[in-house]
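These notes are about the structure you will find just below.
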Amino acid sequence: MRHVIALDVGGTGMKAALVGVDTATCGETSAGRPVLLHEARRPTGRDRGPDAVVETILGFAAELRDLGTARYGAPAAAAGVAVPGIVDERAGQAVYASNLGWRDVPLRALLSERLGGVPVALGHDVRCGGLAEGRIGAGRDADRFLFVPLGTGIAGAIGIGGRIEAGAHGSAGEIGHIVVRPGGLECGCGQRGCLETVASAAAVGRDWAAACGDPLAGAADAAKAVASGDERARAVWHRAVDALADGLVTALTLLDPQTLIIGGGLAEAGDTLFTPLREAVRRRVTFQRLPSIVPAALGDAAGCLGAGLLARDLLSTEVTA
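Each residue of the sequence shown is one higher than the one before, counting from 665 in our numbering.
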């Protein structure tokens, strides 16, 4: 069975899969979604430092290679890995990630070497998620879209004409570092008042934990409290939604997308998020065309699916060449 390795590296955990690439058998579903032959997760281990994180990634990929060889009689034909931060996809380098602490890691070369020389594609985690949402998810019918997952941080993937824009230096779409509250909380990037310090799932969880006095409370707990009518939760939620709307209107003013796709942990709140968010964005637009604001379709599998698509694209390129 011909297959590829897909890895999605997050701030706290990693998702991985073996993805079929033989479309004549089990390479994809009738809806075009790649079939995940095997799925696994493990902690990123960022508390042990950036070198340990890199070794964990390499070791996890090697385990998947061995598993694929044992199950299907041959090693993976390629691998795709999605990582956070600033990524130089052409050079195969993980340039910077504040939540993992690394700089200028030649991850593509390291992975290829560990996997015995197979081709490896390196991508940004959110752009990989956007690639998957654009091809097989909520953006498949949109020529221009912006995918914004609200998780530990906030970033964006800009979809234009079937591709995801990386930018000249690998940092296109970093909407989470638009300053929406000047002089606010310090961000890991060094600025103050960045969008992700106010409107990420981590920020909502932090603010709700402080408001309710439970240090273990998170964003999901805040959403439940909002739905139950808790005024403290509503105040926390309102601050986050207002900041998010400010950031999104800035983005849509620059990019003019047909569709805004919102994913990540906060999107799981459903109408508790989308009803006030749509209204907050509507109130802010003037000359801009109001886009559709929709939930992501692929959930937390988007990054891993996108990494698998990158790896499959490598094989398609080889065949074409």
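All residues carry an ideal CB built from backbone N, CA and C; glycine is no exception. Small disclaimer: the values here were computed from a predicted structure and weren't measured.
{"Asked": "Other residues of its chain near G756: CB distance less than 8 Å, five sequence neighbours each side excluded", "Found": "P770, L771, R772, A773, V784, L786"}
{"Asked": "Limits of the beta strand (DSSP E) - the one that T733 falls within", "Found": "Here T733 belongs to no beta strand (DSSP E); instead the alpha helix (DSSP H) covers 714-736."}
{"Asked": "Coil, strand or helix - A806 by DSSP", "Found": "coil"}
{"Asked": "Extent of the continuous beta strand (DSSP E) to which I822 belongs", "Found": "821-824"}
{"Asked": "Residues that V958 bridges to, as DSSP identifies them", "Found": "I925"}
{"Asked": "Run of the beta strand (DSSP E) containing H702, from where it starts to where it stops", "Found": "700-707"}
{"Asked": "I839 beta carbon less than 8 Å from that of G852", "Found": "no"}
{"Asked": "Beta-carbon gap between G677 and R712 smaller than 8 Å", "Found": "no"}
{"Asked": "As assigned by DSSP and simplified to three states, the class of A836", "Found": "coil"}
{"Asked": "Sequence-distant residues of its chain with Cβ nearer than 8 Å to T816 (five each side left out)", "Found": "G674, G675, T676, N763, S864, A865, A866"}
{"Asked": "Backbone CA spacing between A680 and A899 [nearest angstrom]", "Found": "37 Å"}
{"Asked": "Span separating the alpha-carbon of G854 from that of I750", "Found": "15 Å"}
{"Asked": "Spatial neighbours of V890 in its chain, beta-carbon cut-off 7 Å, leaving aside the 5 residues before and after", "Found": "A897, R898, W901, T936"}
{"Asked": "L859: first and last residue of the uninterrupted beta strand (DSSP E) it sits in", "Found": "Here L859 belongs to no beta strand (DSSP E), and DSSP marks it neither H nor E."}
{"Asked": "Any 3 or more C-beta pairs closer than 8 Å across the stretch 936-946 and the stretch 823-840", "Found": "no"}
{"Asked": "Beta-carbon gap between L973 and R791 smaller than 8 Å", "Found": "no"}
{"Asked": "Range covered by the alpha helix (DSSP H) that runs through D894", "Found": "First-last for D894: undefined, no H or E at that position."}
{"Asked": "For M678: DSSP bridge partner residues", "Found": "V673, R706"}
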